[in-house]
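Please read the structure below before turning to the comments.
In this note's numbering, the protein residues as written are 34 to 230.
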């Protein structure tokens, strides 16, 4: 599934391209306001994983080439399951992911007198872990890339022993690099309307 639509109006940038804050001083860390905006959405699948914490940043980016067409914006990721979750954390040392899985299992152990047990001993703990970690992430887009810290990456936290492919809905919104259309190699051209104030 892929779709896009138009949004409404941009604004004016402050002196030198930065955003002008209180007192009229330009913020050198700001990208400046731009005219026009767009959004794009796609449902993607992540390959099945064993129970544990998995780095999936690159797997997601490979399925979202339209990200490169946004100069500034937001990327929202929503996992469509109740026994897996998303998190933003360490991308370099895999020991961190192993330690996280160990801690999750200590905090939410199997073997407690859960009333919901018809889907196996790992199912109810999986629901609890998913509530703790959450089902969505929102990450800024800067110059066609996710604005991640040096050691940050997107984690798929798989809480079931035997799970299938996990589905995500990815929504991109922001200012496109060119005020024409967000072009997708996987879907039709998405029109963008912009207005000026």
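Beta carbons are placed, not taken as given, at the ideal position from N, Cα and C, and that holds for glycine.
Keep in mind the model is a prediction, meaning the values are calculated, not measured.
- Residue state for residue 210 is assigned as coil, using DSSP reduced to three classes.
- Straight through space, the alpha carbons of residue 189 and residue 119 are spaced by roughly 5 Å.
- In the structure shown, residue 152 falls within a coil segment according to DSSP collapsed to helix, strand and coil.
- Residue 179 sits buried, since 16 or more C-beta atoms from the chains shown fall within 10 Å of its C-beta.
- Taking C-alpha positions only, residue 79 is separated from residue 124 by approximately 17 Å.
- For residue 130, the uninterrupted alpha helix (DSSP H) segment begins and ends at 127-140.
- In the DSSP annotation of this structure, the continuous segment of the beta strand (DSSP E) that includes residue 107 starts and ends at 103-112.
- In this structure, residue 182 sits away from residue 106, with a CB-CB distance that is not shorter than 8 Å.
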